[in-house]
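Participant:
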Ligand code: HEC
Ligand SMILES: [Cu+2]
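Here it is in structure tokens:
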């Protein structure tokens, strides 16, 4: 075998390997995207919007992606063509090829075309920003004030006079029965970001600044999100849960939230309530209808109506509740609630009391 054919064999094998690798990467990514759970059931999938602002962003990003893909394909084909056609040949004479300067046509093409593309991208983005930011708030809109805290979310239902935490409940909003939710976002301490990908884009939550966003979820379900601005140690555990309910479900939930705390008699519960009211819990937590009126931590009036504890970190079960009160940092490192050093009996009583807060 001559040296020359040996070289071209090697080159062919190299190409085959690159080709195989590219294929694996692309098919891997595509099957990742489509193979797992059906798109509709993925609670954070940015490619499955269920609310107008998220839908606008989705279509804009598809447009931007296809423009970029078009540019990529054209440039890549030209590049491959140039590499193949002008590669060094065996009979090359080693002299410098002719040098060409100044083609008005070429220079115009590669100046004007990119400018046009950028103008189109700018205008389409501006249109989406206008649709999302300047939407008129209808008179029947549900208005909620969101307050970001390190590392949990406070939700104030201003029209209904109650406060809850971590799990946002909103009604479904259909074209025939629109009932959108308009959010006013404030921060109690540092920068946070409210982001539920299937409902809307990110909105920064900044101290001393009032920001706004809105959602109109078309489909009932649970949609998940995440604080999107690094805000401290437990930032990654500052999760967001949005429960989109039918009108009837939502109204029943509203009615329950508006009531004061349950006052269940029974010796274990009474002892637990006394333990709660005589420890530092009440400096940080509110339970409406009791002396507890702290605002530093989540409102616990209807703690049992929540499915999770610690801003979506663990399921709300009696056992987890006990573990949480015993030592929150063991579950959520960096959390702002200190371990309370309670005796085992006090813990049991406290949990028995909290379990009555439906
Ligand atoms: C120094 C203030 C402070 C004290 C004292 C305190 N907590 Fe907390 N608590 C917090 C904060 C802040 C959170 C939110 C933690 C997070 O999710 O990041 C919290 C969260 C909780 C939660 C979870 C609520 C939810 O919706 O996820 C429960 C339950 C709870 N505290 C109960 C208690 C009990 C019971 C006591 C008294 C034994 C107590 N806390 C004392 C600040 C406090
Ligand atoms: Cu945060």
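In the numbering used here, the protein residues as written are 301 to 658. Note that beta-carbon positions come from the ideal geometry of N, C-alpha and C, so glycine has one too. If you're wondering where the values come from, they're calculated on a predicted model, not measured in any experiment.
In whole angstroms, what separates the C-alpha of residue 396 from that of residue 495?
Facilitator: Here residue 396 refers to the residue found at position 96 of the chain shown. Here residue 495 refers to the residue found at position 195 of the chain shown. Straight-line Cα distance between these residues: approximately 57 Å.
Participant: Run the proximity test for residue 254: is its beta-carbon closer than 7 Å to any non-hydrogen atom belonging to ligand 1?
Facilitator: Given that the chain is displayed from residue 301 to residue 658, the structure contains no residue 254 and the question cannot be resolved.
Participant: Could you say if the stretch 349-359 and the stretch 420-436 meet the contact criterion of at least three C-beta pairs nearer than 8 Å?
Facilitator: As far as the Cβ criterion goes, the stretch 349-359 touches the stretch 420-436, which means the pair count is three or higher.
Participant: Could you spell out the range, first to last residue, of the alpha helix (DSSP H) harbouring residue 626?
Facilitator: Working through the chain shown from its first residue, we reach residue 626 at position 326. Unbroken alpha helix (DSSP H) run through residue 626: 618-626.
Participant: In the DSSP assignment, what are the bridge partners of residue 553?
Facilitator: Here residue 553 is taken as the residue at index 253 of the chain shown, counted from 1. Partner(s): none; residue 553 has no beta bridge.
Participant: Per DSSP, what kind of secondary structure is residue 645 in: helix, strand or coil?
Facilitator: Within the chain shown, the letter at position 345 stands for residue 645. Residue 645: helix per DSSP, three-state reduction.
Participant: Within this structure, are the beta carbons of residue 428 and residue 445 separated by less than 8 Å?
Facilitator: Position 128 of the chain shown, counted from the first residue, corresponds to residue 428. Position 145 of the chain shown, counted from the first residue, corresponds to residue 445. Not a contact, by the Cβ cut-off of 8 Å.
Participant: Distance check for residue 597 and residue 425, CA to CA, integer angstroms please.
Facilitator: Working through the chain shown from its first residue, we reach residue 425 at position 125. Working through the chain shown from its first residue, we reach residue 597 at position 297. Whole-angstrom Cα-Cα distance: 39 Å.
Participant: Using a Cβ-based criterion (distance less than 7 Å to any ligand heavy atom), does residue 634 qualify as near ligand 2?
Facilitator: For the purposes of this step, residue 634 is identified with residue 334 of the chain shown, where counting begins at 1. No, the Cβ of residue 634 stays beyond 7 Å of every heavy atom of ligand 2.
Participant: Under DSSP, the beta strand (DSSP E) around residue 443 begins and ends at which residues?
Facilitator: Position 143 of the chain shown holds residue 443. That run of the beta strand (DSSP E) goes 442-449.
Participant: Hey, which unbroken runs of the alpha helix (DSSP H) at 4 residues or more fall wholly within the stretch 504-567?
Facilitator: As far as the stretch 504-567 is concerned, its whole alpha helix (DSSP H) runs of at least 4 residues are 547-558.
Participant: Whole angstroms are fine: how far does the CA of residue 357 sit from the CA of residue 649?
Facilitator: Walking along the chain shown from the start, residue 649 turns up at place 349. Walking along the chain shown from the start, residue 357 turns up at place 57. Cα to Cα, the separation comes out at about 49 Å.
Participant: Confirm the yes/no value for this check: CB of residue 448, any heavy atom of ligand 2, distance under 7 Å.
Facilitator: By 1-based counting over the chain shown, the position of residue 448 is 148. Indeed, a heavy atom of ligand 2 lies less than 7 Å from the Cβ.
Participant: Tell whether a beta-carbon distance below 8 Å holds between residue 652 and residue 568.
Facilitator: Position 352 of the chain shown holds residue 652. Position 268 of the chain shown holds residue 568. Contact: yes.
Participant: Please work out which residues of its chain come closer than 6 Å, Cβ to Cβ, to residue 612, disregarding the five sequence neighbours upstream and downstream, and give them in chain order.
Facilitator: Position 312 of the chain shown, counting from 1, holds the residue named residue 612. Only 539 and 541 meet the Cβ criterion.
Participant: According to DSSP, residue 479 sits in a beta bridge with which residue or residues?
Facilitator: Your numbering for residue 479 matches position 179 in the chain shown. According to DSSP, which records beta bridges pairwise, residue 479 is partnered with nothing at all.
Participant: By how many angstroms is the C-alpha of residue 419 removed from the C-alpha of residue 370?
Facilitator: Within the chain shown, the letter at position 70 stands for residue 370. Within the chain shown, the letter at position 119 stands for residue 419. One C-alpha to the other measures close to 16 Å.
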